[in-house]
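Chemist: There's a structure below that I have some questions on.
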Amino acid sequence: MKYNGYAYIYTIGCQMNVYDSEKLASILTSYGFEKTNDMDKADIVVCNTCSIRHKAEEKAFSFLGRFAKIKKRKPHLITVMAGCVAQQEGKKAFDRIPHLDIVLGTQAFSRFGQSIDAVKSGKQRVVDTKDSQMIYESLPDTSCFDENKTSRFVTIMQGCDNFCTYCVVPYVRGRERSRKPESIIEEISLLAKAGVKEVTLLGQNVNSYGQKEDQISFVQLLAKINKINGIHRIRFATSHPKDLSMDLVYAIRDLDKVCNHLHLPVQSGSNKILKKMNRGYTREKYMDRILDLKKQCPDIALSTDIIVGFPSETNEDFNDTMNLLREIEFDSIYAFAYSDRSSAPAAKFSEQIDEKEKRERLNTLLQLQEHYTEKKNKKLIGKTLEVLVEGKSIKKRDGFKQIRKNLEQMVGRSESNKIVHFPSEHVTISDIIKIKIEEAYPHSLWGHPVGA
Ligand code: 5AD
Ligand code: SF4
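Note that the numbering used here gives residue 502 to position 273 of the sequence shown, counting from 1, and the numbers run on in steps of one.
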């Protein structure tokens, strides 16, 4: 059916959700809705949710909760909970949000239109959390793109078979399945034609891309994408240390468009905790992978994910993680306090850590890393980096912070994924320019264009 009206989409969570929200946006467009950034104008509101940690889940409930009042004066407004929390909660979502119209699970996106039709024809409380082994495939609707056409995400696989004991992903996103290479190539070629210069390939464990389907490997896929005209940079996330192959290390070294940066989540530096997390590698194995990477790609930028306060983590275990940071000197880290998820096995583990203790460990860890992040950034002073221009750097917009307050400045990223600010003259979005780095801050760099 075709409708008219405005659609507002609110996205919580990871890059994959950003990608999925675009799919939801293009379905809504095909049903006649126009995307708006003004929530007050909306006739349909979609919250694309994340359940990885308690805080993200609460954010979804509190966002959708506020529509109870709004729906009283605007009864035709359709409210939708989509994604991971929807999949996890199913019809239980109505207990907390009685005014909700649609609960759309992670594998129900292709049937979103049918749910809207059902609500429009008078059905109340539509729930679709059915499993699907298929990946919802549709080519991107480039007219739905927001202002950032420079860099786009492309999901290449969904779900996960790894069952780390703290993680809800295998339960809310289902088993691992990979997209067909032809469809990925077609999508990226289309993005390139629309002016996209950088793609980030997404999957929970990109290293095992295509293995179940007996398709080409991830490294072979990278080699194909490397040949697409117009694409200048290829990034990917996430790699699982247990499946990181030497072939991938060589691909990072040899394929010119593959960025010299790897995000390799370690989660903990303690072998006892890694085992309890079911990560499938030891601290020593992880260190070996890092040595391989540093040997083959000496300038590689490394980032990681860490969880502190996993059940039974002692001060000694925590110190193992601190020491791992000291040994590796990551360029950046994403660190989280362990969040108990009732559907994940670790929720039943004994020796849960006190919340205050988790916070303290998190702060200690972040403080230590701040030192290395700044140290790595300072090393770049005097160097010339190739930067892909992403936009104007406006205070606090998209997490960018303007360094020079009274100066019009632009922001972009280096190949190693560092945020670089510079004066904006003669530069436009999507340019790839050389910047000589003059100053380094904990989370960004500052410099001037050279050879312009
Ligand atoms: N608590 C805290 N952090 C978690 N992550 C996944 N599950 C949890 C949890 N229950 C983190 C991991 C993962 C990242 C995406 O989120 O570090 O790599
Ligand atoms: Fe979760 Fe582990 Fe799968 Fe990553 S690899 S999505 S942490 S289960």
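Cβ atoms here follow ideal geometry from the backbone N, Cα and C, with glycine treated the same way. The structure presented is a predicted model; accordingly, all values stated were derived computationally and were not measured.
1. Looking only at its chain, what residues have a beta carbon closer than 7 Å to the beta carbon of M506, apart from the 5 residues adjacent to it on each side?
2. Going along the chain, which residues put their C-beta within less than 6 Å of some heavy atom in the ligand SF4?
3. Once DSSP output is grouped into helix, strand and coil, what is the label at N246?
4. Determine, using beta carbons only, whether A285 and C276 come nearer to each other than 8 Å.
5. Could you check if D357 is buried or exposed, using at least 16 other CB atoms within 10 Å of its CB as the buried criterion?
6. Are V649 and V679 closer than 8 Å when you measure CB to CB?
7. What are the residues that DSSP puts in a beta bridge with S673?
8. Taking 7 Å as the cut-off, is the C-beta of I281 nearer than that to any heavy atom in the ligand 5AD?
9. For the segment 454-515, which segments carrying the alpha helix (DSSP H) assignment without a break, of at least 4 residues, lie completely within its bounds, in sequence order?
10. Starting from V274, follow its DSSP beta bridges and name the residues at the other end.
11. So what does DSSP say about E558, is it helix, strand or coil?
12. Between which two residues does the alpha helix (DSSP H) containing A289 stretch?
13. What are the start and end residues of the beta strand (DSSP E) that includes H650?
14. Output the boundary residues of the beta strand (DSSP E) element that contains R590.
15. With distances taken between CB atoms, is the gap from S344 to V355 smaller than 8 Å?
16. Can you list, in chain order, the residues of its chain with a C-beta nearer than 8 Å to that of F292? Leave out the 5 residues immediately preceding and following it.
17. Any heavy atom of the ligand 5AD within a distance shorter than 7 Å of the CB on R570?
18. For the beta strand (DSSP E) that R354 lies in, which residues bound it at each end?
19. Looking only at C-alpha atoms, which of P369, T379, D390 sits nearest to I414?
20. Count the other C-beta atoms from every protein chain shown that fall within 10 angstroms of the C-beta of D549, then say buried if there are 16 or more, exposed otherwise.
21. By how many angstroms is the C-alpha of M245 removed from the C-alpha of R302?
22. Name the two residues that bound the continuous alpha helix (DSSP H) containing F323.
23. Is P304 near the ligand 5AD, judged by its Cβ being under 7 Å from some heavy atom?
24. Would you kindly check if the distance between the Cβ of N436 and the Cβ of C389 is under 8 Å?
25. Round the Cβ separation of H490 and S645 to the nearest angstrom and send it over; I've been treating them as touching at under 8 Å.
26. G403 to A311, Cα distance in whole Å?
27. Does the Cβ of F547 lie closer than 7 Å to at least one heavy atom of the ligand 5AD?
28. If we ignore side chains and look at the alpha-carbon of each, how far apart do F559 and M639 end up?
29. To the nearest angstrom, report how far apart A566 and G294 are at their CA atoms.
30. Could you tell me if S350 is buried or exposed, where buried requires 16 or more neighbouring beta carbons within 10 angstroms of its beta carbon?
31. Please work out which residues of its chain come closer than 7 Å, Cβ to Cβ, to G676, disregarding the five sequence neighbours upstream and downstream, and give them in chain order.
32. Does DSSP put D546 in a helix, in a strand, or in coil?
33. If you draw a straight line from the C-alpha of I331 to the C-alpha of I610, how long is it?
34. Taking the alpha-carbon positions, what's the R590 to D534 distance?
35. Compute the distance between the beta-carbons of Q256 and F290, then report whether it is under 8 Å.
36. Shorter than 8 Å from the beta carbon of I557 to some beta carbon of chain B?
Modeler: This is what the structure holds:
1. C393, T394, Y395, Q496, S497, F539
2. C389, N391, F392, C393, C396, V398, P399, Q433, N434, H469
3. helix
4. no
5. buried
6. no
7. For S673, which the question treats as bridged, DSSP gives no partner whatsoever.
8. At least one heavy atom of the ligand 5AD is nearer than 7 Å to the Cβ of I281, so yes.
9. 475-483, 500-505
10. Y237, T308
11. coil
12. 283-294
13. 648-652
14. Where R590 is concerned, there is no enclosing beta strand (DSSP E), although the alpha helix (DSSP H) it sits in stretches over 584-607.
15. yes
16. The answer, listed in chain order, is Y239, I241, C276.
17. yes
18. No beta strand (DSSP E) contains R354, which DSSP labels as neither H nor E.
19. P369
20. Buried, by the Cβ-count rule.
21. Between R302 and M245, the C-alpha separation is close to 34 Å.
22. 322-325
23. no
24. no
25. 5 Å
26. 15 Å
27. no
28. 26 Å
29. Within the model, the alpha-carbon separation for A566 versus G294 is close to 26 Å.
30. exposed
31. V649, F651, I664, K665, I666, E667
32. helix
33. 52 Å
34. 15 Å
35. Note that residue 256 corresponds to Ile in the displayed sequence, not to Gln. Against a cut-off of 8 Å, the Cβ pair of F290 and I256 comes out as no contact.
36. No chain B appears in this structure, which consists of one protein chain only.
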